[in-house]
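Below is one structure, written out as structure tokens, with a few remarks after it.
There are 2 protein chains.
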Amino acid sequence: MNKRYLLTPGPTPVPEEVLLAMAKPIIHHRAADFIPLFEEVRKGLKWLYQTKEEVLIFASSGTGAMEAAVTNTLCKGDHALVVRGGKFGERWAEICKAYGVKTTNIDVTWGEAVDPNQIREALKRSPDIKAVFVQASETSTGASHPIKEISEITRNTDILLVVDAITALGVVDLPMDLWGLDVVVTGSQKALMLPPGLAFIALSEKAWKAAEKSDLPKFYFNVKKEKKNHLTNQTAYTPAVSLVIGLQKSLQMMQKEGLPAIFERHDKLARATRAGAQAIGLELYAPHSPSAAVTSVKSPAGLDAQEIVKRLKNHYHVTIAGGQGDAKGKIFRIAHLGYYDRFDIIVSLSALEMALNDLGFSVELGRAVAAAEAEFMTQPAMAKAAVA
Amino acid sequence: MNKRYLLTPGPTPVPEEVLLAMAKPIIHHRAADFIPLFEEVRKGLKWLYQTKEEVLIFASSGTGAMEAAVTNTLCKGDHALVVRGGKFGERWAEICKAYGVKTTNIDVTWGEAVDPNQIREALKRSPDIKAVFVQASETSTGASHPIKEISEITRNTDILLVVDAITALGVVDLPMDLWGLDVVVTGSQKALMLPPGLAFIALSEKAWKAAEKSDLPKFYFNVKKEKKNHLTNQTAYTPAVSLVIGLQKSLQMMQKEGLPAIFERHDKLARATRAGAQAIGLELYAPHSPSAAVTSVKSPAGLDAQEIVKRLKNHYHVTIAGGQGDAKGKIFRIAHLGYYDRFDIIVSLSALEMALNDLGFSVELGRAVAAAEAEFMTQPAMAKAAVA
Chain A
1 MNKRYLLTPG PTPVPEEVLL AMAKPIIHHR AADFIPLFEE VRKGLKWLYQ TKEEVLIFAS
61 SGTGAMEAAV TNTLCKGDHA LVVRGGKFGE RWAEICKAYG VKTTNIDVTW GEAVDPNQIR
121 EALKRSPDIK AVFVQASETS TGASHPIKEI SEITRNTDIL LVVDAITALG VVDLPMDLWG
181 LDVVVTGSQK ALMLPPGLAF IALSEKAWKA AEKSDLPKFY FNVKKEKKNH LTNQTAYTPA
241 VSLVIGLQKS LQMMQKEGLP AIFERHDKLA RATRAGAQAI GLELYAPHSP SAAVTSVKSP
301 AGLDAQEIVK RLKNHYHVTI AGGQGDAKGK IFRIAHLGYY DRFDIIVSLS ALEMALNDLG
361 FSVELGRAVA AAEAEFMTQP AMAKAAVA
Chain B
389 MNKRYLLTPG PTPVPEEVLL AMAKPIIHHR AADFIPLFEE VRKGLKWLYQ TKEEVLIFAS
449 SGTGAMEAAV TNTLCKGDHA LVVRGGKFGE RWAEICKAYG VKTTNIDVTW GEAVDPNQIR
509 EALKRSPDIK AVFVQASETS TGASHPIKEI SEITRNTDIL LVVDAITALG VVDLPMDLWG
569 LDVVVTGSQK ALMLPPGLAF IALSEKAWKA AEKSDLPKFY FNVKKEKKNH LTNQTAYTPA
629 VSLVIGLQKS LQMMQKEGLP AIFERHDKLA RATRAGAQAI GLELYAPHSP SAAVTSVKSP
689 AGLDAQEIVK RLKNHYHVTI AGGQGDAKGK IFRIAHLGYY DRFDIIVSLS ALEMALNDLG
749 FSVELGRAVA AAEAEFMTQP AMAKAAVA
């Protein structure tokens, strides 16, 4: 009998009560049952986004909402600035290219954060830039970009700030209205503790004005049409009903915990994970601006990171993520966004200690765990879990 | 205590064993667990589609796959022929318009089927037409279009036949390869007995060639990219994992029943529903070419069909669909595609008999039910249920 532990940056574990809510018989989305459910979910999403704007739900993966962010705010031939510091930054540029949007790319070393001055200078050099595309948390490298600082550059201008918050919303404080973020997208299988299949997008007043002018082709991912439907507690096309039912439950759990406790919990889990990895001599891949959603760790010299991932999976039933793209084989990533408490981190570090020894990289047993425990004990008020 | 009965043409009821399969802890789509699951599902979909081609899975509603059918096979300025015999025919034309595809529309009276000769003549008049877009079953009217006859017009030409089979696949025989259908799309919440959230599309060799040339913009709904991923048992973007797990189970159930029994069951359910409605003096909305997925019935003179829908819902806990667009208030629709057996039809007709009397439209109690029973008894070999 081996229990399984999932510590990947999406899908993340789904709480039992959410799974059971989704296992109830299906209801019809045009029938009266759906209206109060969707109304509650819309309110909960505004709370999560810290916005007065409508948060739109699409049946798609997060990439669908990224595409919507491009095709609904820009026009053919528009010029966009893209921060490329990992696989998901690259995706912004690819989507722009697919729709004929010209991009200037700021290439950031993987694992590092963008310097806001680079953005300021690029915008000065090209006054025709209409939008800045960036990740709040670059899932592929485990680095976070300084969204607040970037928002101070764009907020009193006509330039849109478009934020991929897929592994940041519900993890770190990202107050959309307060900071003046123009487009914020996220997905269900991250901090929202749901299976994949829902994507979310919210637009500021400035972004809605841009949406009025936008002439890029779109049909399924049409925010204007979707907003009109949402205001009557409907969706333009059949919603993923069972996932929306799960969302109602997960938002209830998150509201019970409260945003400050949620942010504190993620910060603590991330600090403990970093402390644990460093205590056994491992180097962080994103040491200067680490994401609170996922900790990326360099493999010891001479050891393929994929071997660690495989050993953890096959021998300890602990699923973590390897590196992507250029980082493949060099790093492994332990996720801690969503339905995680301190003992999930203890489990992953314990498994890591054993797996490294198995693979011939000798580390003192218990040392990573001890470092994490010490981190957890520095702030006894920490929320115990999402369900606390 | 009131049990609830769902008889809408999507969502359709989800079998308990599928609901429970989806309630299991989430697995990671890049991990080894997912590979055999996805491989089995790919095989099952080919069986269902009766094709050797890859059937691609998108996380979206069915409309997403309709959009993919347009944006992946055509080029800017191409000319398409669209059969518009209801809301979903109109959707084909709207998607084409959104992407700059010129359309010639054959407007068919709602409730009627297109005459294949109209298609033949339209193609003769406009030799530049690249594709014909049609519904196998027009869900909004309950009529079916003659796909086999239309395929005989297109199959030995360069013209693509694009079929919305969202409420037809797994309901009636629609052998993609045998008939030479070029693009076939469907959705999860129909005959596949799943919650909404997955869309499917398969392309013929001819359609794949068109996909090579297609220059319409696309990113999320990119069939070439998706096929490449499917061949390694992956998806380009995070799949809706829990729904794919449900799909494995529902395909297993369908394979156990077998395609001939599935088609016979739907035919029988549709015949019984029509017989029941007619036995109490109601007129069918699509009498000449009725869909086997959904039966649309005209409301008696002087009675708003929405009143029938409401009475059934609020007093009998039986959810059926009203009319859409121009047919709103004039018709109601009883669905019987997916997880239905004969007694679901008996329940809906029984509730209809009582509701009509409640609303002052006097019908003999038991008469619709008796007509349905007689229909069921004409062929004792009928499969009892999807799970039989």
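Respectively, the protein sequence lines represent chains A and B. The opening position of the first sequence corresponds to residue 1 in the working numbering, with each subsequent residue numbered one higher. The opening position of the second sequence corresponds to residue 389 in the working numbering, with each subsequent residue numbered one higher. Note that beta-carbon positions come from the ideal geometry of N, C-alpha and C, so glycine has one too. Given the structure is predicted, the values throughout are model-derived calculations rather than measurements.
* To do: Report back the beta-carbon spacing between residue 176 of chain A and residue 184 of chain A to the nearest angstrom; my notes put them in contact at under 8 Å.
  => 5 Å
* **residue 553 of chain B vs residue 677 of chain B beta-carbon contact at 7 Å** => no
* **7 Å Cβ cutoff met for residue 498 of chain B and residue 529 of chain B** => yes
* Output yes if chain A places a C-beta closer than 7 Å to the C-beta of residue 625 of chain B; else output no. => yes
* The beta strand (DSSP E) with residue 587 of chain B in it runs from where to where? -> 586-591
* Using a C-beta to C-beta distance shorter than 9 Å, which residues of chain A count as neighbours of residue 394 of chain B? -> 25, 26, 27, 28, 31
* **Minimum length 4: unbroken alpha helix (DSSP H) runs contained in the region 438-512 of chain B** => 450-459, 475-486
* Would you mind working out which of A/4, A/375, A/189, A/21 sits nearest residue 421 of chain B, comparing C-alpha positions? => A/4
* Under 9 Å by beta carbon: chain A residues contacting residue 445 of chain B -> Per Cβ cutoff of 9 Å: no residues; residue 445 of chain B is ~11 Å from chain A at best.
* **residue 713 of chain B in three-state terms, based on DSSP** => helix
* On the three-state DSSP scale, how would you describe residue 221 of chain A? -> coil
* Please work out which residues of its chain come closer than 7 Å, Cβ to Cβ, to residue 99 of chain A, disregarding the five sequence neighbours upstream and downstream, and give them in chain order. => 70, 71, 216
* Look at the alpha carbon of residue 659 of chain B and the alpha carbon of residue 724 of chain B, and state the distance between them as a whole number of angstroms. => 11 Å
* Do the region 54-63 of chain A and the region 226-237 of chain A meet, that is, are 3 or more Cβ pairs less than 8 Å apart? -> yes
* **Inter-residue spacing [alpha-carbon to alpha-carbon] between residue 186 of chain A and residue 163 of chain A** => 9 Å
* Three-state secondary structure (DSSP) of residue 189 of chain A -> coil
* To do: Run down chain A in chain order and give the residues with a C-beta less than 7 Å from the C-beta of residue 410 of chain B.
  => 22, 23
* Between the C-alpha atoms of residue 10 of chain A and residue 606 of chain B, what's the straight-line distance to the nearest angstrom? -> 24 Å
* **Straight-line gap, residue 585 of chain B to residue 401 of chain B (C-alpha atoms, nearest Å)** => 14 Å
* Asked: Candidates B/476, B/470, B/715: which alpha carbon is nearest residue 504 of chain B's?
  -> B/470
* Verify the CB distance criterion: does residue 197 of chain A have a CB-CB separation below 7 Å to chain B? => yes
* Given a threshold of 16 other Cβ atoms within 10 Å of its Cβ, counted over all protein chains shown, does residue 583 of chain B qualify as buried or as exposed? -> buried
* To do: Report the three-state DSSP secondary structure of residue 260 of chain A (helix, strand or coil).
  => helix
* **For residue 722 of chain B: DSSP bridge partner residues** => B/683
* Asked: At least one CB of chain A closer than 7 Å to the CB of residue 520 of chain B: is that the case?
  -> no
* residue 781 of chain B to residue 749 of chain B, Cα distance in whole Å? -> What the structure shows of chain B is the stretch from 389 to 776, and residue 781 of chain B is not part of that stretch, so it cannot be assessed.
* **Candidates B/538, B/695, B/511, B/512: closest to residue 524 of chain B by CA position** => B/538
* Looking only at C-alpha atoms, which of A/63, A/263, A/297, A/302 sits nearest to residue 48 of chain A? -> A/263
* Compute the Euclidean distance between the alpha carbons of residue 319 of chain A and residue 363 of chain A, then round it to the nearest angstrom. => 21 Å
* Asked: Can you tell me the Cα-Cα spacing of residue 390 of chain B and residue 500 of chain B, whole angstroms?
  -> 37 Å
* What residues are listed by DSSP as bridge partners for residue 133 of chain A? -> A/82, A/162
* Asked: Does the beta-carbon of residue 210 of chain A have 16 or more other beta-carbons within 10 angstroms, so that it is buried, or is it exposed?
  -> buried
* Classification of residue 601 of chain B by the beta-carbon crowding that lies within 10 angstroms, buried from 16 upward -> exposed
* If we ignore side chains and look at the alpha-carbon of each, how far apart do residue 16 of chain A and residue 6 of chain A end up? -> 14 Å
* **Neighbourhood of residue 371 of chain A by C-beta distance below 6 Å, restricted to the same chain and skipping five residues each side** => 275, 276, 279
* **Buried versus exposed, by CB contacts within 10 Å (16 or more), residue 343 of chain A** => exposed
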